[in-house]
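Participant: All letters in the sequence shown, in the order written, are residues 100 to 525 by our numbering. Each residue gets a CB set at the ideal place from its N, CA and C atoms; glycine is no exception.
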Amino acid sequence: MKTRYFDNAATSFPKPPAVLDAMTRYMLECGAPSRGSHAPAREAAVLVRRCRQRIATLVGLSSPDHVVFGLNTSDGLNLAVKGVYAASRRQRGASAPLHAVATAIEHNSVLRPLHALRACDPNFAFTIVPVDPSTGLVDPSDVAAAVRPGETILICVNHASNVTGVLQDMDAIGAACDRFGVGGSSDDGALMLVDAAQSLGHVPVSMTSARIDLLAFPGHKGLLGPTGTGGLCIRPGVERRLDTVREGGTGNLSEQLKHPAALPEKYEPGSHNSLGIVGLSEGVAWILDRGIDAIQDHEIALMERFLHALAPDATGRCDAAPGLRLLGSADVSRRVGVFTFQHDELAPQEVAAILESSFGVLTRAGLHCAPLAHEAIARDIGADGSARTPGGVRLSLGPFLTSGDVDHAAAALRSICLEHRSAALA
Ligand SMILES: Cc1ncc(COP(=O)(O)O)c(C=O)c1O
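1) Just tell me which of Ala510, Leu379, Ala218 has its CA closest to the CA of His407.
2) Going straight from the alpha carbon of Ala525 to that of Pro421, what length do you get?
3) Are the segment 262 to 276 and the segment 422 to 435 touching by the rule of at least three beta carbon pairs closer than 8 Å?
4) Please work out which residues of its chain come closer than 7 Å, Cβ to Cβ, to Ala289, disregarding the five sequence neighbours upstream and downstream, and give them in chain order.
5) Taking only heavy atoms of ligand 1 into account, decide whether any of them is closer than 8 Å to the Cβ of Ser111.
6) Assign Glu398 to one of two classes, buried (16 or more other C-beta atoms within 10 Å of its C-beta) or exposed (fewer than that).
7) Determine the extent of the beta strand (DSSP E) in which Gly169 is found, giving its start and end residues.
8) Short of 7 Å in beta carbon distance, which residues of its chain neighbour Ser194, apart from the five on each side in sequence? Order them along the chain.
9) Is it the case that the CB of Val230 approaches a heavy atom of ligand 1 more closely than 8 Å?
10) Express the C-alpha separation of Leu401 and Ser502 in angstroms, rounding to a whole number.
11) Return the Cβ separation of Leu313 and Val344 in integer angstroms, given the expectation that the two are a contact with Cβ distance under 8 Å.
12) What are the start and end residues of the alpha helix (DSSP H) that includes Gly182?
13) Measuring straight from C-alpha to C-alpha, what distance separates Asp512 and Asp106?
14) Here's the rule: buried if 16 or more other CB atoms are within 10 angstroms of the residue's CB, otherwise exposed. What is Pro339?
15) If Thr110 sits next to His301, beta carbons under 8 Å apart, how far is it from one beta carbon to the other, in whole angstroms?
16) Are the beta-carbon atoms of Asp342 and Gly159 separated by less than 9 Å?
17) If we count Cβ pairs, one from each stretch, closer than 8 Å, do we get three or more for the segment 491 to 499 versus the segment 463 to 480?
18) May I have the straight-line CA-CA distance separating Cys219 from Arg310, to the nearest angstrom?
19) Sort out for me which residues DSSP pairs Pro227 with in a bridge.
20) Give the single residue among Arg148, Gln355, Asp443, Leu299 whose Cα lies nearest to the Cα of Gln395.
21) Who are the near neighbours of Pro163 in its chain, counting only those whose CB is closer than 7 Å to its CB and skipping five residues on each side?
22) Mind checking whether Gly369 and Gly348 have CB atoms under 9 Å apart?
23) Inspect the beta-carbon positions of Val431 and Ala508 and report whether they are closer than 9 Å.
24) Taking the straight line between their C-alpha atoms, what separation do you get for Ile227 and Leu423?
25) Going by CA-CA distance only, name the one from Ala446, Val180, Ser173, Leu500 that's closest to Thr102.
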């Protein structure tokens, strides 16, 4: 049976052939990368810098040195949350109240660092802004209302939900929070941190127009690079308010014990994952070559086809697949291709298992590391009033899926639901 990969929100598959070619070439020809002044080291430095430049171009950042590499999105988010906290504590003193704002659709990679800070610092607090359960959208004025002037150091917003696929309106959130200093309008106000894990590589993202100060990204999802890549884009100037969270060797200024202050070394101690970065660079080149608008158009066409086949109504109930309900909005102009469904009687894991074993459709079931998003949006009671297994089954699109693939996935969901209903009625 042919398998069809619908788990691109976890990590994208397949990768463009150029990604694999570049990684193979790198292993064969640049075996001694990173530090030193010999030819393979110089070549590695050029390739890593090229990747920075490509990502800077994609997000509209003037300085490639402000693209900082780490392990993944979580690593970038940890640096942002803990680095801003550390700098604020250092600058304002131990007893100053510090505060962050986050939304109910954040991933655990934002929620857990915030929770960890609160657990060890009684003078740190954070506020969770609710989302509209029917659309999955945050109201920008709610975000602004949660800000505590003089205390709030960070506003964290998940751009595209990894549960509903719904895109938050970053321009409107930035505008609503402008008076608190986001996007450089003040030197000591709040900083805007955007989790672009599900949006970068899928939709246009501009750090300048949306007043974004810090943007955490995965290399291995929409940017089509290998796992173990990702990082943080830093608006020039924000580094003054972002301390390091680890120090070490940088290959320069080795005579001093103080970690270098210049970027990107400030946030990149130790040898890079240059093998991964070289692959990532080709993934980003693939996106720049095609153009982000063309990639988004393809995804919108697939979304429309998929939704047409399942026919969700305004509440998400799918007319074509009895018992199935889509979480969040179906408006394709305000979402990416991430769809989570609940079934009235079947557990998400059961649906995912049938999708794989009977139809070759690979998905992900569960809470998707976003418990608050599920709590805010999901309906936990089945049609018969019984409690349901929490979470949902998620199908997520990528640029290599075709209209035939989405037709197959929609038909598989319809078939599972119709068969379940016939069995229940028999
Ligand atoms: C919205 C969101 N944020 C953060 C992450 C964490 O990404 P990573 O695995 O790159 O650390 C994910 C992963 O699925 C995500 O969907």
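Facilitator: According to the structure shown:
1) A check of alpha carbon separations from His407 across Ala510, Leu379, Ala218 identifies Ala510 as the nearest.
2) Answer to the nearest angstrom: the Cα atoms are 16 Å apart.
3) Segments in contact, yes.
4) Leaving aside the five residues that flank Ala289 on each side, the residues in its chain whose CB is nearer than 7 Å to its CB run, in chain order, Val246, Thr251, Ile252, Leu253, Ile254, Cys276, Phe279, Gly280, Val281.
5) The answer is no for Ser111.
6) Note on Glu398: 16 or more other CB atoms within 10 angstroms of its CB, so buried under the neighbour-count rule.
7) That run of the beta strand (DSSP E) goes 166 to 169.
8) Answer for Ser194: Asn222, listed in chain order.
9) Look at Val230: its beta carbon is at least 8 Å from all of the heavy atoms in ligand 1.
10) Their backbone Cα atoms lie some 6 Å apart in a straight line.
11) Taking a contact as a CB-CB distance under 8 Å, the pair Leu313 and Val344 does not count as one, their CB atoms being some 13 Å apart.
12) Per DSSP, Gly182 belongs to the alpha helix (DSSP H) from 172 to 191.
13) Correcting the residue type first, residue 512 is Leu in the shown sequence and not Asp. Their backbone Cα atoms lie some 15 Å apart in a straight line.
14) It should be noted that the sequence gives Arg, not Pro, for residue 339. By the beta-carbon neighbour count (other beta carbons within 10 angstroms, threshold 16), Arg339 is exposed.
15) Contact check for Thr110 and His301: beta-carbon distance about 14 Å, past the 8 Å limit, so the pair fails to qualify.
16) It is not a contact, given that the beta carbons lie outside the stated cut-off.
17) Short answer: they touch.
18) Those two C-alpha atoms are separated by around 30 Å.
19) The sequence shown places Ile at residue 227, not Pro. Beta-bridge partners assigned by DSSP to Ile227: Ala201.
20) When only C-alpha atoms are compared, the closest one is Leu299.
21) Within the same chain, Pro163 has close Cβ partners Arg148, Arg151, Gln152, Ala155.
22) The Cβ atoms of Gly369 and Gly348 lie closer than 9 Å to each other.
23) With contacts defined as CB atoms closer than 9 Å, Val431 and Ala508 fail to qualify as a contacting pair.
24) Ile227 and Leu423: Cα-Cα distance of roughly 29 Å.
25) Nearest option by C-alpha distance: Leu500.
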